[in-house]
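Numbering (mature numbering (1 follows the signal peptide of the UniProt record, and there is no 0)) for the sequence shown: -20 to -1, 1 to 233.
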Amino acid sequence: MKKLISVFLLSIVAPLTAVASGSGYHLDDMKPNVSNKASLQRGAQTFVNYCMGCHEMQYSRYERVADDLEIPHELMVENLIFNDSKIGQLMTNAMTVDAAKRWFGAAPPDLTLVARVRGEDWLYTYLRTFYEDSTRPLGVNNEVFPNVGMPHVLMELQGLQKKGCAQVAVDIDVLTGQDITEERCDVLYLAEEGSQSPAEYEETVYDLVNFLVYTAEPMQQERVRIGIIVMLFLVVLFICAYLLNREYWKDIH
């Protein structure tokens, strides 16, 4: 019986470990903030404009996203719904599974729960580590997900990264405040600039990942709110119980 339980737990943990570790590339830290409505709104805009042509969110509805992100329905319909979908429908696209398999070799995955599956650090690092690779069918590769079959859809924003030798900041001179650099090879460097600066692109990726974290668990904020109410109720209940207990035992020796 114990052996069966061990095998069952291993079958669950092993895939999750493989997903989290990926290529072994160091993942950058990303702290999501789903209470930042402006960030979520920008992330939703980026997702609809750059990701939704291939990826769906078949477990999310436009209306729920609009309400949670405080986007008026008319603005949602006008700016974030580009097909014939209605405000109350699921966030799907027009790409069929057969067409996706012909174009990409496999259907692009649904992204509703991707932040729960991959983790925000993985997504944040993944979207920032595409680089030119002429050996790949789509001309790019990725440090976090080697040989990925996805094009770098955000290239016009980030620009084109290459992998090679470049000057890398390794420390800061305490006297001048300037970066101390040294040449390192096998690192990513920006060979062609995009429409955004590196700082602006990192903010765009942050907002997009923040939005994906929200869609993976839309009830996060409500869950926290309910948890606080429950804890306050338990505190009041404890005080009442304590006072009642003291009153009941005060004449008993």
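Where a beta carbon is used, it is the ideal one built from N, C-alpha and C, also for glycine.
> Using the C-alpha atoms, what's the distance from phenylalanine 110 back to histidine 6?
Replying inline: Numbered from its first residue, the sequence shown carries residue 6 at position 26. Numbered from its first residue, the sequence shown carries residue 110 at position 130. Answer to the nearest angstrom: the Cα atoms are 14 Å apart.
> Any idea which residues DSSP pairs arginine 164 with across the strands?
Replying inline: Walking along the sequence shown from the start, residue 164 turns up at place 184. Within the DSSP bridge table, the entry for arginine 164 names Ala146 as partners.
> In chain order, what residues of the same chain have a beta carbon less than 7 Å from the beta carbon of glutamate 173, not counting five sequence neighbours either side?
Replying inline: The residue given as residue 173 occupies position 193 in the sequence shown. If we look at glutamate 173 and ignore the five residues flanking it on each side, its Cβ neighbours are Gly139.
>> Does aspartate 187 pass the burial test, meaning 16 or more other C-beta atoms within 10 Å, or should it be called exposed?
In response: If you number the sequence shown from 1, residue 187 lands on position 207. Result: buried.
> For serine 1, which residues of its own chain have a beta-carbon under 8 Å away from its beta-carbon, when the five flanking residues on both sides are left out?
Replying inline: Your numbering for residue 1 matches position 21 in the sequence shown. Unreliable placement is indicated for serine 1, whose pLDDT of 44 sits below 50; the coordinate value is still reported in the next sentence. Within the same chain, serine 1 has no close Cβ partners at all.
> What first and last residue would you give for the alpha helix (DSSP H) that runs through serine 175?
Replying inline: On the sequence shown, position 195 is the one that residue 175 refers to. DSSP places serine 175 in no alpha helix (DSSP H); its state is neither H nor E.
> Does the beta-carbon distance from leucine 91 to histidine 35 come in below 7 Å?
Replying inline: Within the sequence shown, residue 91 is the residue found at index 111, counting from 1. Within the sequence shown, residue 35 is the residue found at index 55, counting from 1. Closer than 7 Å, so yes.
>> Quick check on the burial criterion: 16 or more other C-beta atoms within 10 angstroms. Buried or exposed for glutamate 100?
In response: Numbered from its first residue, the sequence shown carries residue 100 at position 120. With 16 or more other Cβ atoms within 10 Å, it is buried.
> DSSP three-state call for isoleucine 208: helix, strand or coil?
Replying inline: Locating residue 208 in the sequence shown gives position 228, counting from the first residue. DSSP, read as helix, strand or coil, puts isoleucine 208 in helix.
>> Could you compute how far the alpha carbon of tyrosine 104 sits from the alpha carbon of isoleucine 219?
In response: Here residue 104 refers to the residue found at position 124 when the sequence shown is read from its first residue. Here residue 219 refers to the residue found at position 239 when the sequence shown is read from its first residue. The alpha-carbon atoms of tyrosine 104 and isoleucine 219 are separated by roughly 45 Å.
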